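Below: one structure, written as structure tokens.
Structure, rendered in structure tokens:
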């Protein structure tokens, strides 16, 4: 177990290093420069060339890319992600301030997905080929095919504009959370539902399920305890990996609902060519990916006794 | 009175390839404390009959006939009542025990669960019972092994666990479906010995399903021989072994004794395309016209037109 | 392969196939079937509801929505196909190299793949498209730069399992060249997983194209593209909902068709769901 | 059952994440004077927000004249190098720190760290507690105007609200100014709560509280206004933030009041005058004749705004008030001019050509420019009817191309107060130190420099007349229409007035009715 986690940790560190280098590379291929975009957005007027020059000087944008990269790497080694050109605040602080909103949305979508997908996936598998199963399967396929930005707009139109049940934008309360959560959670729900059904079907054919029934175990326990627990291994893997995906899927949904999270800020920063923010955010998001994969690996070990007790496959 | 009385049990499956008749008018009885052996080549429907008794057949199975257990017809029981009988009255162990244990639950937990299902007892008691059972079936250091997981058990040990689980509520009938087939020969003997002891100790009736005549002879009082879904011969073990009536039984015995290798020519017919008349006739050296046309009736425990029991 | 259509999933696959064929025809024949010029504006015919003259209505500058959707099919399918071809090419080459040569090559390539996979695909695409500026070319670069990794993984996996079966060794033993082994023994074996992955991937790519364009980081207006149309329709959500409903519907149908087909193919080619579950 | 417990913990965490979203929304107290203002920028990022909290030395009137504020009067030495500011007495920052010459010096020093004119300042002398002398090494005409702008306003922060205190380079810790409202709460990307400064030196507003709600998307904003979540939108924006195309719809709605105001800021198409075809004044002139502004504006925006025919609004003190006839739609003259310039359709393909090359130009549209997409499309179709092909390129990095000149036409807006409108300031668009690829000439440079280094108002006006005559004839751009500022509010908001510049709003008389 310890060896297993140590191995995963080493890999995670390696990936992080690679991600940092990749973040650099993104910067080097980017043309253009933040000064004018930021200055002109700030004042709705043409910044004078002298102002642009002084801005660039102040933020070290005149230095060659290589120097900027080495400076960034140096800062990074001290845990400093740099300063946003647009707001003048530390990038890490900008991320920290917005992450809760994004996490809230991602977590509630994940919770929605888990609450809906697991039971329906199980039902679908248990009642294989029934009408209910077919309906669930179709809905799941529809769910993965639905572009979430369109779904978001439809929900706003339907429940925000026409029915007026929910606010159409923004955050701050549970009613604000509902539409974005559905928007972001739908494809996740669909993916999870399909996976849950497939692994349930696989597990239900296993001999130990027959054993459990032969014991006289109630069907609810056969499914809920013996079968379900075995399906959790692949399901948890995907939940973990998809959680990180949710954090990125949030970018578009945050735009649709004007949700004040990291995705929204990232898109604004891209538009303003605020490099420190772009690099920093990409790196931090990659870090979350790696972290969530690591957590999945560890959780995996807890779920599967074969890994838990030392056998690394 | 018999403990188990199976009358004209028919089991068929609807598959894409057609209807599979896995059990055709199967009838036999097991008395209390008796050990009966169901013999046949693989694919002849033995295990299906066993699963039919447990009512654990897959959803596409169709079942008819009567299975009386202690005088009650299992097939007409409510689902709930049937579930209660499983494990408590009728228990079952299977081939390839390793795959029959849930990999993510500890072994002891699975045994304790079997205890708990039918006896309303506390976790502590069921745990203690499970440890006792593990000791009973000869698992060394049961306390330590209790919390281990199935992958840490060898095949033989896993089968012992299965036996412990099956005997948890002292069922009156134990169905053992090829319990030793996948095990090493030395382990096989140990398991057979264990089963034999336990069955006599608890006065449990045994329905042993096997294709191994040696095992059958060691353990059982009576024997039922199945071929292609139907019974072709049944009787007391000693009678049948000494004086087999059906040509198929004869061939099986010869093969088992090793005197005539490959004494049964040809292969088991596909259950979707059974021959007319006696099902064994395409492979039977003695077959005559009547065998091809008319299905023989069971007479004096043998289902054959030609060979009759004397 | 598709002749024995017995179960429901196969039927859905055929339905997907038919829809896709239809869409392909629409894409190819766009200039002949589109009733109007997709970029021609008509300021006197703005925001019209669907009618006989304009079957799906007109948008905020009076362009015919049906015509724009028809041309949009062309753009979306074209970009998606190009992206998939490039991804498959790189994926197969890299994956084969990793699987075939093994050891250090495999180790390096797969760690590289891990790093790329550590990046949330859409965010990387967003950043690349955003920084390079919006154009079809940059969109393709953005999408392919992350997308090939998945193919490389699947190809590598299949090759490793082929290797286990040992007939590569035997082929080598009888003196086959590396190239011959690759083309005769390996390629046929990796084709089905790659086809399934590519089919399912097409749907994802189409959503990504539309999504990036929706954010203004993909295809440029006034190109008729579904994501752009959605974005342009958004302001008129309450007064003229058809502006955003039809393009979205089109994206959904197309993606659904690819998923029907991909799902069916996966069943027919008998692949385990775990191989290709994450979209 | 360790596992079950772990899952329970996980579940609880997820639930907590869920409920963390339940942050009670600010209850709106209907009896008090609370206004909920939708803003497309974060409070701290918006110049408009700063002007509610911070006062500046002067403010401008609509024509560009300076009006006293924290500086009750000022004096400029004859050589223009010495500016003496007489500060208002009895003004206190929200935290009680008195505003005096020392604080004003701090403010100017703070501004110098980023302002262009920072390097022109030789010394800042405190004459007495409320008099300050700023000594320049050159005459920098826009000094006080620049200091009055929203983007410099945060420099008027209380010196004790920066860290370290009184350090001009210090980081602003709290938004503490001298203005009519004080900030009591700020949440990044969510909003801010402002309350009335009851000790304000000027006329106190009637509103007791403003809730600044960050609502980045204009369409979401409109929906929120309709849903009653916001009282007013568009006020804290300088870009034309509410799409014009939606204004007509809102105007027709009896529940809302649409208030528009012109700041003399025009949507323009800037020519790249450094390369063909627009290095030829005849072609530029022809383009100004091809565009039918009237038709464009009426068909796209109805009566929301007016077409513009001059480079900038003549109402400014430096404006083109001497120009009597603007550019106008004249296809016949356009045809003549193009023919003279050599552009004719010689191959009969419907597109003009010259030297075997079709007339094809690129229009660069910066992403996010309001109304730009539709305007570009109309321009495209109007040019097409004259046989000119226009390629629209919407780019995020359009700004980079401004410097490199990779464009033919650039969709842009003219400048507005407090800058010198029309791009004729030193370093402005038409000065050679401004846009590299805009129209420039030595003569124009000389005129601009002499106009804005003169203290004599009459002489300055005379120079401006010359500048406009020259510039107007040079056709440096295609003015399209007036980018008005539009504010939409519900009927509860009474007494709203537009401020003198795009960055201001006058909330003094605003009351919330039932």
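Residue numbers (the numbering used here), protein chains in the order written: chain A, 7 to 319; chain B, 6 to 315; chain C, 13 to 291; chain D, 9 to 522. Every residue gets a Cβ at the ideal spot worked out from N, C-alpha and C, and that includes glycine. Here the structure is a predicted model, which is why all the values come from computation and not from measurement.
Between residue i and the rest of its own chain, which residues show a CB-CB distance below 6 Å, the 5 nearest in sequence each way excluded?
| i | result |
| --- | --- |
| residue 39 (chain B) | 210, 226 |
| residue 92 (chain C) | 214, 217, 218 |
| residue 297 (chain D) | 338, 341, 342 |
| residue 144 (chain C) | 150 |
| residue 219 (chain A) | 228 |
| residue 234 (chain C) | 51 |
| residue 314 (chain D) | 490 |
Run through the DSSP bridge pairs and tell me what residue i is partnered with.
| i | result |
| --- | --- |
| residue 237 (chain A) | In the DSSP output, where bridge partners are listed per residue, residue 237 (chain A) has none listed. |
| residue 179 (chain D) | D:171 |
| residue 162 (chain C) | DSSP output for residue 162 (chain C) lists no bridge partner at all. |
| residue 199 (chain D) | D:195, D:221 |
Tell me which residues share the same chain as residue i and place their Cβ nearer than 7 Å to its Cβ, disregarding the 5 neighbours each side in the sequence.
| i | result |
| --- | --- |
| residue 399 (chain A) | The structure shown does not extend to residue 399 (chain A), since chain A is modelled only from 7 through 319, so no value can be given for it. |
| residue 4 (chain D) | Since the displayed chain D opens at 9 and closes at 522, residue 4 (chain D) lies outside it and no answer follows. |
| residue 281 (chain D) | 287, 445, 446, 447, 484 |
| residue 299 (chain B) | 282 |
| residue 243 (chain A) | 302, 306 |
| residue 63 (chain D) | 77, 78, 164, 185, 186, 187 |
| residue 128 (chain C) | 158, 161 |
| residue 119 (chain D) | 155, 160, 163 |
| residue 21 (chain A) | 296 |
Mind checking residue i: buried by the 16 CB within 10 Å criterion, or exposed?
| i | result |
| --- | --- |
| residue 85 (chain B) | exposed |
| residue 136 (chain A) | exposed |
| residue 93 (chain B) | buried |
| residue 171 (chain A) | exposed |
| residue 261 (chain D) | exposed |
| residue 206 (chain B) | exposed |
| residue 23 (chain C) | exposed |
| residue 19 (chain B) | exposed |
| residue 388 (chain D) | buried |
| residue 254 (chain D) | buried |
| residue 44 (chain C) | exposed |
So, for residue i: in the same chain, excluding its five sequence neighbours on each side, which residues have a beta-carbon less than 8 Å away from its beta-carbon?
| i | result |
| --- | --- |
| residue 33 (chain D) | Since pLDDT at residue 33 (chain D) reaches only 39, below the 50 mark, its modelled position is unreliable, and the value read off the structure follows with that caveat. No residues qualify anywhere along the chain. |
| residue 274 (chain B) | 233, 280, 284, 287 |
| residue 292 (chain C) | Outside the displayed range of chain C (13 to 291) lies residue 292 (chain C), so it cannot be described from this structure. |
Q.
Taking contact to mean 3 or more Cβ pairs, one atom from each stretch, closer than 8 Å, check whether the stretch 287-298 of chain D and the stretch 344-356 of chain D are in contact.
A. yes
**Q.** Unbroken stretches of the beta strand (DSSP E), 3 residues or longer, contained in the stretch 32-105 of chain D
**A.** 42-47, 66-68, 74-76, 79-84, 90-95
**Q.** Contained beta strand (DSSP E) runs [length at least 3] in the stretch 376-436 of chain D, N- to C-terminal order
**A.** 397-403, 417-421
Q: Please confirm if the stretch 79-96 of chain C is in contact with the stretch 35-53 of chain C, defined as three or more CB-CB distances below 8 Å between the two stretches.
A: yes
Q: Say whether the stretch 287-306 of chain A touches the stretch 231-249 of chain A, bearing in mind that this needs 3 or more beta-carbon pairs closer than 8 Å, one atom from each stretch.
A: yes
Q: Would you mind listing the alpha helix (DSSP H) stretches within the stretch 102-168 of chain D that are 4+ residues and don't spill past its ends, in chain order?
A: 109-120, 151-155
(Q) Which complete alpha helix (DSSP H) runs does the stretch 82-138 of chain A hold, if anything under 4 residues is left out? (A) 97-132
Q.
Three Cβ pairs or more, each shorter than 8 Å: is that satisfied between the stretch 236-251 of chain C and the stretch 136-150 of chain A?
A. no
Q: Report yes or no: do three or more beta-carbon pairs, one from the stretch 100-118 of chain A and one from the stretch 181-194 of chain C, lie closer than 8 Å?
A: no
Q: Could you tell me which uninterrupted beta strand (DSSP E) segments, each at least 3 residues in length, are contained entirely in the stretch 465-503 of chain D, listed from first to last along the chain?
A: 485-490, 493-498
**Q.** Cβ contact check for the stretch 257-272 of chain A and the stretch 135-154 of chain B: 3 or more pairs under 8 Å
**A.** no
Q: Would you check if there are 3 or more beta carbon pairs closer than 8 Å linking the stretch 146-157 of chain B to the stretch 42-61 of chain B?
A: no
Q. Can you give, in chain order, each stretch of the alpha helix (DSSP H) that sits fully within the stretch 233-310 of chain B and has at least 4 residues?
A. 242-247, 252-262, 294-298
Q. In the stretch 203-283 of chain D, which residue ranges form an unbroken alpha helix (DSSP H) of at least 4 residues, counting only runs that do not cross its ends?
A. 226-234, 252-259
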